[in-house]
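Engineer: In the order they appear, the protein sequences are chains S and E.
Numbering of the first sequence is given in the numbering used here, commencing with residue 539 and proceeding in unit increments.
Numbering of the second sequence is given in the numbering used here, commencing with residue 1077 and proceeding in unit increments.
Sharing a structure here in structure tokens format.
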Amino acid sequence: MIRLTAVDLAVAALLVLVLAALSARVQRSLGSRILVAALRTTVQLLLIGLILKALFAHVHLLWMALLSMVMLLVAGREVTARQHRRFAGWWGFGMGTVSMFLSSFAVTIFALVVIIGNQPWYAPQYAIPLLGMLLGNTMNGISIAMDRLTEAAWQQRGQIEARLMLGHSWEQASGALRRDAVRGGLIPIINAMSAAGLVSLPGMMTGQILAGSPPVEAVKYQILIMFLIAVGTGLGTLAAVWASSRRLFDERQRLRLDRLRAPPAER
Amino acid sequence: MGPSGAGKTRLLRAIADLDPHGGEAFLDGVSSHQVPAPEWRRQVALLPAESHWWSERVGEHFAAGDVAGLQFLGFEPDVLGWSVARLSSGERQRLALLRVLALVPRVLLLDEPTANLDPANIERVETLLIDYRCARSAALLWVSHDAAQAARVGQRMLRMEKGRLDADRPGIRQ
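Below is the structure:
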């Protein structure tokens, strides 16, 4: 493997600076946003690199659990932040985070114990990348699905209530919405699986190949990851949509849009 | 009857148990809380001022293929195959009435059921509703802005103002 030096990264950073300068000519704020994002990526990745280095040196379940919890909570916050009309109070954060926890952690632990079978099963070299990829993708699926669900419930409140008025149950009145939300959450991973290898070379596989792994080994891991992501995203999305749609209606099956917060004013 | 914003629609929605409310509604001595919500709304059915349609075709909004009253309200049977998008506001309002009558509710909560209709159709709708009330011994709670209509169809007139039932005076027709 060819090791990268600070100078190599600086050359790449120079390209980002050029991009930021060009974008600033289109829209001033866009240039600064690119710079802030690039800075964040550098700092965050360096930090996680240091943390992983420390974790690899001190393999302990407690440290792993702590890091996983931090990752989960950050992902939960991200899901909440991406909602246009989020649930008021802790519900938005809670339902997204619990769904992510149930699906990502279950699938990761299953893969570590049953499929990879490393000793100990929580060895950070496998556990952290797997959990990270699952959380990242599940987070996308759940936030898209919850956003679609609440937005559609708001847009179609007339139709939903018309059905309730005609004696339909909340499940009937929200069926189309829920199906649409689940589909929305699953489209990214379905697209990723369909295009893998033809249009795009997935990042993890590319990384392994760059790091010197034999391509066939890298491919096998990529297939495993794709399957795990699909299952994790699917289960997480289903759980989040179920919980959210349940929360949209109360025990008397009334549509409770007052449980959603008004979206931030459009700028 | 009552001015806009008096709370007429909110009252109807509360009786149909569509909004959280502090009161309690009874049908034949049975509280709405003791009946599953969908069942309650089929028996105490609300016809809102504005109708909403969730499917492409008119007929998909009716449980049965045979809809009573179509001809009486001036529709051909093939209206069930029409696209909802091509309905006029008056047609929507009349079809929404038939849609709610198909539930055979025991109480009908009507929120300005003739607001978008021409005089001939207003008369048909009034006749249809009065006939339904007599045939099924149903109760109608009818919100109207038209005093003459209230006198034609009402047995009791209730006035609402600022969220309160103001006065109770008998209508002309008994």
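For each residue, glycine too, the CB sits at the ideal point set by N, CA and C.
1. In whole angstroms, what separates the C-alpha of Val617/S from that of Leu560/S?
2. State the Cα-Cα distance for the pair His1137/E and Ala644/S, rounded to the nearest angstrom.
3. On the criterion of 16 or more Cβ atoms from any shown chain inside 10 Å, does Asn678/S qualify as buried, or is it exposed?
4. Could you tell me the distance, in whole angstroms, from the CA atom of Leu1217/E to the CA atom of Val720/S?
5. Could you tell me the distance, in whole angstroms, from the CA atom of Trp708/S to the CA atom of Phe787/S?
6. By a C-beta neighbour count over all protein chains shown, 10 Å radius and 16 as the cutoff for buried, is Met743/S buried or exposed?
7. Which residues, in order along the region 781 to 793 of chain S, keep a beta-carbon less than 9 Å from a beta-carbon of chain E?
8. Indicate whether the contact test is met: 3 or more Cβ pairs, each with one atom in the region 677 to 692 of chain S and one in the region 646 to 662 of chain S, closer than 8 Å.
9. Just the Cα atoms here: how many angstroms apart are Val554/S and Thr580/S?
10. If we cut at 7 Å on Cβ distances, does Trp1218/E have a partner in chain S?
11. Hey, quick one: how far does the beta strand (DSSP E) through Asp1187/E stretch, first residue to last?
12. Spatial neighbours of Leu1241/E within its chain, please: C-beta separation below 6 Å, excluding the five flanking residues on both sides.
13. For the alpha helix (DSSP H) that contains Ala1196/E, what are its first and last residues?
14. Which residues share a DSSP beta bridge with Trp1218/E?
15. Can we say the region 1079 to 1090 of chain E touches the region 1106 to 1118 of chain E, given the rule of at least three CB pairs closer than 8 Å?
16. Taking the alpha carbon of Ser1213/E as the point to measure from, which residue in Arg1162/E, Ile1198/E, Ala1144/E, Leu1184/E has its own alpha carbon closest?
17. Output needed in chain order: residues of the region 1088 to 1107 of chain E with a Cβ under 8 Å from some Cβ in chain S.
18. Strictly below 9 Å CB to CB, what residues from chain S border His1221/E?
19. Ordered along the chain, which non-local residues of its own chain (more than five positions away) have a Cβ less than 8 Å from that of Val1180/E?
20. Report the rounded CA-to-CA distance for Leu600/S versus Trp1130/E, giving the unit in angstroms.
21. Please classify Leu530/S: is it buried, with 16 or more other beta-carbons within 10 angstroms of its beta-carbon, or exposed?
22. Does Arg1117/E have its Cβ less than 7 Å from a Cβ in chain S?
23. Can you list the residues of chain E that Arg701/S reaches, using a CB-CB cut of under 7 Å?
24. Rounding to the nearest angstrom, what Cα-Cα distance links Ile1248/E and Ala1223/E in this structure?
25. Can you name the residues that DSSP bridges to Glu1237/E?
26. So with Cβ pairs under 7 Å, would you call Ala1113/E a contact of chain S?
27. Using the C-alpha atoms, what's the distance from Ala1092/E back to Ala1121/E?
28. Strictly below 7 Å CB to CB, what residues from chain E border Ser712/S?
29. Within its chain, find whatever has a CB closer than 7 Å to the CB of Asp685/S; leave out the 5 residues flanking it on each side and keep chain order.
30. Just the chain E side, please: which residues come within less than 8 Å of His706/S by C-beta, in chain order?
31. How many angstroms separate the CA atom of Ile725/S from the CA atom of Leu762/S?
32. With 7 Å as the threshold, decide whether the Cβ of Leu1156/E is near any Cβ in chain S.
33. Evaluate contact between the region 1090 to 1106 of chain E and the region 786 to 803 of chain S, counting only Cβ atoms and requiring at least three cross-stretch pairs below 8 Å.
34. So is Gln657/S buried or exposed if we call it buried at 16+ other beta carbons inside 10 Å?
35. When you compare only the Cα positions, how much space is there between Asp718/S and Arg1200/E?
36. Run through the region 1108 to 1182 of chain E for me and flag every whole beta strand (DSSP E) of 3 or more residues, listed as ranges in chain order.
Structural biologist: Result, derived from the coordinates:
1. For this step, residue 617/S is matched to residue 79 along the first sequence. For this step, residue 560/S is matched to residue 22 along the first sequence. Near 31 Å, if we compare the C-alpha coordinates of Leu560/S and Val617/S.
2. As a position in the second sequence, residue 1137/E is number 61, starting the count at 1. As a position in the first sequence, residue 644/S is number 106, starting the count at 1. Computed Cα separation, rounded: 42 Å.
3. To locate residue 678/S, count along the first sequence from 1; it is residue 140. So Asn678/S counts as buried.
4. Your numbering for residue 1217/E matches position 141 in the second sequence. Your numbering for residue 720/S matches position 182 in the first sequence. Spanning the two alpha carbons is a distance of roughly 41 Å.
5. Start at 1 with the first residue of the first sequence, and residue 708/S comes out as number 170. Start at 1 with the first residue of the first sequence, and residue 787/S comes out as number 249. Cα-Cα distance, rounded: 7 Å.
6. Within the first sequence, residue 743/S is the residue found at index 205, counting from 1. When all chains shown are included, Met743/S counts as buried.
7. Asp788, Glu789, Arg790, Gln791, Arg792, Leu793
8. no
9. Residue mapping note: residue 554/S aligns to position 16 of the first sequence, counting from 1. Residue mapping note: residue 580/S aligns to position 42 of the first sequence, counting from 1. Going from the Cα of Val554/S to the Cα of Thr580/S covers about 12 Å.
10. Translated into the one-based positions of the second sequence, residue 1218/E becomes position 142. No, Trp1218/E lies away from the interface with chain S (no Cβ there is under 7 Å from its Cβ).
11. Residue mapping note: residue 1187/E aligns to position 111 of the second sequence, counting from 1. Note, Asp1187/E: beta strand (DSSP E), 1183 to 1187.
12. Here residue 1241/E refers to the residue found at position 165 when the second sequence is read from its first residue. Here the set comprises Leu1234.
13. Here residue 1196/E is taken as the residue at index 120 of the second sequence, counted from 1. Unbroken alpha helix (DSSP H) run through Ala1196/E: 1195 to 1212.
14. Taking the first residue of the second sequence as 1, we reach residue 1218/E at position 142. Leu1186/E.
15. no
16. Within the second sequence, numbered from 1, the residue matching residue 1213/E stands at position 137. Of Arg1162/E, Ile1198/E, Ala1144/E, Leu1184/E, the residue nearest in Cα terms is Leu1184/E.
17. Ala1092, Asp1093, Leu1094, Asp1095, Pro1096
18. Taking the first residue of the second sequence as 1, we reach residue 1221/E at position 145. Result: empty, since nearest Cβ-Cβ is about 21 Å, beyond 9 Å.
19. Within the second sequence, the letter at position 104 stands for residue 1180/E. So the qualifying residues of the chain are Arg1212.
20. Locating residue 600/S in the first sequence gives position 62, counting from the first residue. Locating residue 1130/E in the second sequence gives position 54, counting from the first residue. Rounded to whole angstroms, Leu600/S to Trp1130/E spans 52 Å at the Cα level.
21. The requested residue 530/S does not occur in the structure, where chain S is confined to residues 539 to 805.
22. Here residue 1117/E refers to the residue found at position 41 of the second sequence. Yes, contact with chain S.
23. Along the first sequence, read from residue 1 onward, the residue named residue 701/S stands at position 163. The answer, in chain order, is Trp1130.
24. Mapped onto the second sequence, residue 1248/E falls at position 172. Mapped onto the second sequence, residue 1223/E falls at position 147. The predicted position of Ile1248/E is uncertain, since its pLDDT is 43 and thus under 50; a value taken from the coordinates is nonetheless stated next. Roughly 11 Å separates the two Cα atoms.
25. As a first step, residue 1237/E is located in the second sequence; it is residue number 161 there, counting from the start. Its beta-bridge partners are Arg1240/E.
26. Here residue 1113/E refers to the residue found at position 37 when the second sequence is read from its first residue. Ala1113/E belongs to the set of residues whose beta carbon lies under 7 Å from a beta carbon in chain S.
27. In the second sequence, the residue the question calls residue 1121/E occupies position 45. In the second sequence, the residue the question calls residue 1092/E occupies position 16. In this structure, the straight-line span from the alpha carbon of Ala1121/E to that of Ala1092/E is close to 7 Å.
28. Within the first sequence, residue 712/S is the residue found at index 174, counting from 1. Result: empty, since nearest Cβ-Cβ is about 11 Å, beyond 7 Å.
29. As a first step, residue 685/S must be located in the first sequence, where it is residue number 147. So the list reads Arg620, Gln621, His622, once near-sequence residues are dropped.
30. Against the first sequence, residue 706/S aligns to sequence position 168. The answer, in chain order, is Pro1114.
31. Walking along the first sequence from the start, residue 725/S turns up at place 187. Walking along the first sequence from the start, residue 762/S turns up at place 224. Distance between the alpha carbons of Ile725/S and Leu762/S: 19 Å.
32. Counting from one through the second sequence, the residue named residue 1156/E turns up at place 80. Leu1156/E does not count as touching chain S.
33. yes
34. What you label residue 657/S is simply residue 119 of the first sequence in a count that begins at 1. The Cβ neighbour count for Gln657/S, taken over all protein chains shown within 10 Å, is under 16; the residue is labelled exposed.
35. Counted from its first residue, the first sequence places residue 718/S at position 180. Counted from its first residue, the second sequence places residue 1200/E at position 124. C-alpha separation (whole angstroms): 41 Å.
36. Complete beta strand (DSSP E) runs here, min 3: 1120 to 1123.
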